[in-house]
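Numbering (my numbering), first residue to last: 41 to 294. Here is the structure we will look at, set down as structure tokens.
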Amino acid sequence: PTVGIVLSEPKMLVPGHHKNTETLLALVEAMGCRPVLIPPCADIAVGSPLLRERVTAAMAGALDGLVGPGGADVDPSVYGEANTASLHTNPLRDRFEAGFVRTALDCDLFGFGICRSHQLWNAAAGGTLIQDVQAEEVVSVDHKTGHHPVEFERKSMIYEEVRQRALRVNSLHHQAVDWAGWGFRVTGRVKDDHTGKSMIEATERWNGITTQFHPELMQDDSAHKALFATLGRRAHIFAALKSMGKSMGAPTLR
């Protein structure tokens, strides 16, 4: 199976310059899949909007799975808001990535979006983001470092994989999903006892999981290892069904 890794920065393509890219490549290969790097702004050389759609569809159609890594803040133009606290944004990058992810997930392959991708995938589906969770008083402490527990819905793919209602996760962000995008539902939250508010930490659609945390960086934990392995298993199922000419859909892949 071929699994695409959507990269948000050119440096992520350079060997030895981005550790997390190398981590994802190794994990995808360990799942028995073939990783393919999707460069940022891959459609920039295509002038016609119609041709861009065709190129994007062709790229997505060659995949059996998709992983979206962490990275820089999403440009608020993706979800129709002004920039109040988003850093180092790139509208061209986000336009391509949002369109590519929408197309890929509509092809029914399975996707796993992490941190920035958790935010972008929801925004691309019509959701919105909190641009600074601490400044907007959603949380009382900095979430750029450290760990904290997340509670999951029992009727969720994440719970089915980890078999734990709560899981200790890493925290490397200052933004968060405010409203989940169309087709996604909230399946993981963390509550701040001081503000009394909850922050979204995971969303799901029938063929995708997104997490604010980084399970790929916690592979020494059996629960995080099992969770991320969902990507490989679904990619193998998708590829097998596709090779037999069978249609893919929620009942089939569940």
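Ideal Cβ positions, reconstructed from N, Cα and C, are used throughout, including at glycine. Since the model is a prediction, treat every value here as computed from it, not as a measurement.
Item: Sequence ranges, alpha helix (DSSP H) only - wholly within the stretch 229-294, length at least 4; Value: 262-283, 290-293
Item: Whole-angstrom distance between Gly56 and Thr292, CA atom to CA atom; Value: For Thr292, the pLDDT reaches just 48, beneath the cut-off of 50, and the residue's location in the model is therefore unreliable, leaving the point undetermined.
Item: Contained beta strand (DSSP E) runs [length at least 3] in the stretch 107-164, N- to C-terminal order; Value: 150-154
Item: In chain order, each alpha helix (DSSP H) run of at least 4 residues that lies wholly inside the stretch 185-224; Value: 197-202
Item: Rounded separation between Glu121 and Ser283 - CA only; Value: 43 angstroms
Item: Neighbourhood of Gly266 by C-beta, 8 angstroms cutoff - its chain only, sequence neighbours within 5 removed; Value: Rather than Gly, the amino acid found at residue 266 in this sequence is Ala. Excluding positions up to five away in sequence, the list reads Glu201, Val202.
Item: Same chain, Cβ closer than 7 angstroms to His58, neighbours up to 5 away in sequence not counted; Value: Lys51, Met52
Item: Within 7 angstroms, strictly: CB atoms of His213 and Cys147; Value: no
Item: Which residues DSSP lists as bridging Pro50, in chain order; Value: For Pro50, which the question treats as bridged, DSSP gives no partner whatsoever.
Item: Buried or exposed (CB count within 10 angstroms, at least 16 for buried), Asp104; Value: buried
Item: As assigned by DSSP and simplified to three states, the class of Leu77; Value: strand
Item: Same chain, Cβ closer than 8 angstroms to Phe268, neighbours up to 5 away in sequence not counted; Value: Leu67, Phe152, Pro255, Glu256, Gln259
Item: Closest Cα partner of Gly166 within the set His188, Ala206, Ala220, Asp134; Value: Ala220
Item: Beta bridge counterpart(s) of Val226 as assigned by DSSP; Value: Thr243
Item: Cβ-Cβ distance between Trp161 and Thr42 below 7 angstroms; Value: no
Item: Close Cβ partners of Val209 (< 6 angstroms) along its chain, the five nearest in sequence each way excluded; Value: Val190, Phe253
Item: Arg294 classed as buried or exposed, judged by whether at least 16 other C-beta atoms fall within 10 angstroms; Value: At Arg294 the pLDDT is 48, less than 50, meaning the model places this residue with poor confidence; the figure from the coordinates comes in the next sentence. Exposed, by the Cβ-count rule.
Item: Val95 in three-state terms, based on DSSP; Value: helix
Item: Gly248 versus Ser238: straight-line alpha-carbon distance, rounded; Value: 22 angstroms
Item: Limits of the unbroken alpha helix (DSSP H) element including Leu103; Value: That residue, Leu103, is in no alpha helix (DSSP H); it is neither H nor E in DSSP.
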